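*Asks:* Residue numbers (the working numbering): 3 to 198.
Okay, structure coming up:
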């Protein structure tokens, strides 16, 4: 006799039951952070999860081993972090990196979250932030330009990136948008590296 929790449901019988991307035990390894801050050029930032061993493994598998199916893992949480009042702008990767990786990890997260976005920024620097020291990241300049022909309105824009480490990437992107006329620039990141 099967335990009650393993009894087949009508949904599973007719193939309507949704399959999980991760098992419950793996999902429990991710630690919610829900860090919200208000700042200077970047008016507000909300980071959903803490960067730890489990998140490092997920990020490596997703971004560098190109396991695109893992974008589904956080789709619901990411979708719920937006209102319908802002224009969503993903942090871009440099075209050379995109060719090597074969996909834009941030755009794929947004697509799985079913959130429309507009690419207003282009990356000008090919350097990889994850390969730089904290000091090198803080000293980087001119990471982004507006996409040619982009029109920035005096509205709220919400930047989206996978991880917030020093905040340099988001602040520089926010600066470009504000200099072009954005009224407010906020950000959502999936992960937050908590500095010790």
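The C-beta atom is built at its ideal place from N, Cα and C for all residues, glycine as well. None of the values given here were measured: they were computed from a predicted structure.
Assuming residue 50 is part of the beta strand (DSSP E), what are its boundary residues?
*Replies:* Per DSSP, the continuous beta strand (DSSP E) segment holding residue 50 begins and ends at 46-52.
*Asks:* Taking the C-alpha atoms as reference points, what is the distance between residue 171 and residue 145?
*Replies:* Our two residues, residue 171 and residue 145, have alpha carbons roughly 7 Å apart in a direct line.
*Asks:* Please name the residue or residues paired with residue 188 in a DSSP beta bridge.
*Replies:* 46 and 160
*Asks:* Check residue 146 in the structure and name its three-state DSSP category.
*Replies:* strand
*Asks:* Taking contact to mean 3 or more Cβ pairs, one atom from each stretch, closer than 8 Å, check whether the region 64-77 and the region 98-110 are in contact.
*Replies:* yes
*Asks:* Rounding to the nearest angstrom, what Cα-Cα distance links residue 151 and residue 79 in this structure?
*Replies:* 33 Å
*Asks:* For the region 93-121, list the alpha helix (DSSP H) runs that are entirely contained and at least 4 residues long, ordered along the chain.
*Replies:* Every alpha helix (DSSP H) stretch that sits fully inside the region 93-121 and reaches 4 residues is listed by chain position as 97-103 and 107-114.
*Asks:* Could you name each continuous alpha helix (DSSP H) segment of 4 residues or more that falls completely within the region 56-87, going from the start of the chain to the end?
*Replies:* 77-82
*Asks:* Counting C-beta neighbours from all protein chains within 10 Å, is the total for residue 66 16 or more, i.e. buried, or is it exposed?
*Replies:* exposed
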